[in-house]
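Residue numbers (the working numbering): 95 to 426.
Notes to accompany the following structure.
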Ligand code: GDP
C-alpha cells in the first residue's frame, strides 16, 4: 500500500503535518475516514512511546495553570509535550475550552509543545475515539508526554482513564468539604490525587492531602500493583511540580503499563464492535424494533420476550414481529 503523503513529514515531527493529520481523522467524510484509518495503520508501529497522562478536575481547580506549569517544566528538560482534550462541554456547545490560547500562554507558543482543542462536534464516544487516534498521531510525531484533559463531569473521565496510563485528579485545599462532592467513581479511577493551590492555605492543603490519602487507601484493593498517592502542589508557583513528575516515574516503574494498554485496547475494540453491531442492527430492523418496543411498552411483551423476538434477528427486515401471545407461547 502506498505511503500516505502526511506520514513522512509527521514522522519527522512537523507540527503542520500533525495538525493536518488530526483534521483528517476528525473528518466525517467517508473517503477521509478510509484515508485516516490507512494513515493510522501506517503510523501505529511508530506510536506507543509516550507517557500518557489523563487529567480531570472541576472548572477553576487549575487544570490549565497546571498543564502550563508542568508542560513548560518538561519542555525545559528536553521533553516534547502534547495536550489533547476530551471535553463534553464542547460537544454540547460546539465551542471548545481548549481553543483559547490565553489558557496556556507559554506552552501554546512553545516549539516543544503541541496543543489541540477537543473536536467540536460529535458524540462523546466519537470525540473520545478521535482523541485516542490523535494521541497515536502525537506519539508517532515524537511527543514523549501526552496529557489528555477533561472537565470533571459525567462519562468523560471513564473515557480518558481508559486511554491513558495514569489518571490524575486535581482538587482544592478545602478537599474536606469537597470530598463529598468528588464522585466515588472518579476516586476509583485515579492513580494520583493532587491538591492544587497549596500556596493559598498550606495547612488546609496538608489536611486535604491526608484525607485524600486515607480515602484512596480505603478504595484500593489489597494487593493492587499500585497504591494511588495523594500529593500537593502549586501550579502557580511551581512548587511540587518536580515531586509530581517523580510520582509519575514511580508509577511507570511499578506498574505494567503495557499490560494496562493491552486491556484498554481490548476494551476499546469491544466497544467499537458493540457500537457497529448495534448501529447495523438498528439500521436493518428499524420497523421491527419500533414495533417490538411498542409491544414492550404496552406490556404485551416482557422486555426479555421483546429481545427474543428480535434476536436472533428476524430473517427479513419486513418489520414483522411475533405478537405477544405467540412470543409467550414459544417461550413457554
Ligand atoms: P481550570 O478551569 O481548571 O483550567 O483552572 P485555571 O487553570 O484556569 O485556574 C483557575 C484560577 O485559579 C486562575 O485564576 C488561576 O490563576 C488560579 N490558580 C491555578 N492554580 C493556582 C495555584 O496553584 N495557586 C493559586 N493561588 N492560584 C491558582
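Glycine included, each C-beta is placed from N, C-alpha and C at the ideal position.
Suppose contacts are defined by Cβ-Cβ distances below 8 angstroms. Is residue 149 in contact with residue 289 by that definition? no
Minimum Cβ-Cβ distance from residue 387 to chain C less than 8 angstroms: Of the chains in the structure shown, none is chain C; there is only one protein chain.
Simplified DSSP assignment, three categories, for residue 142: coil
Residues passing the C-beta test against the ligand GDP heavy atoms, cut-off 6 angstroms: Residues whose Cβ lies closer than 6 angstroms to any heavy atom of the ligand GDP, listed in chain order: 151, 153, 154, 155, 156, 157, 158, 159, 290, 291, 293, 294, 328, 329, 330.
Candidates 101, 372, 142: closest to residue 136 by CA position: Relative to residue 136, the option among 101, 372, 142 whose CA is nearest is 101.
So residue 163 and residue 329 are supposed to be a Cβ contact under 8 angstroms. How far apart are they, rounded? 5 angstroms
For residue 240 and residue 378, I'd like the C-alpha separation in whole angstroms. 40 angstroms
Residue range of the unbroken alpha helix (DSSP H) whose run includes residue 319: It is not in any alpha helix (DSSP H) - residue 319 carries neither H nor E in the DSSP assignment.
For residue 423, count neighbouring Cβ atoms within 10 angstroms of its own Cβ and tell me buried if that reaches 16, exposed if not. Reliability of the predicted coordinates at residue 423 is poor, the pLDDT of 41 falling under 50, and no value is obtained from them.
If you draw a straight line from the alpha carbon of residue 455 to that of residue 397, how long is it in whole angstroms? Only positions 95 to 426 of the chain appear in the structure, and residue 455 is not among them; the question remains open.
Euclidean distance between Cα positions of residue 98 and residue 295: 53 angstroms
Short of 7 angstroms in beta carbon distance, which residues of its chain neighbour residue 286, apart from the five on each side in sequence? Order them along the chain. 260, 262, 322, 323, 325, 341
So, helix, strand or coil for residue 323, using DSSP? strand
Looking only at its own chain, which residues have a Cβ that is under 7 angstroms from the Cβ of residue 153, when we skip the five neighbours before and after it? 245
Could you spell out where the alpha helix (DSSP H) holding residue 403 opens and where it closes? Annotation for residue 403: the continuous alpha helix (DSSP H) segment containing it runs 397-404.
For a quick check, are the C-beta atoms of residue 234 and residue 208 less than 8 angstroms apart? no
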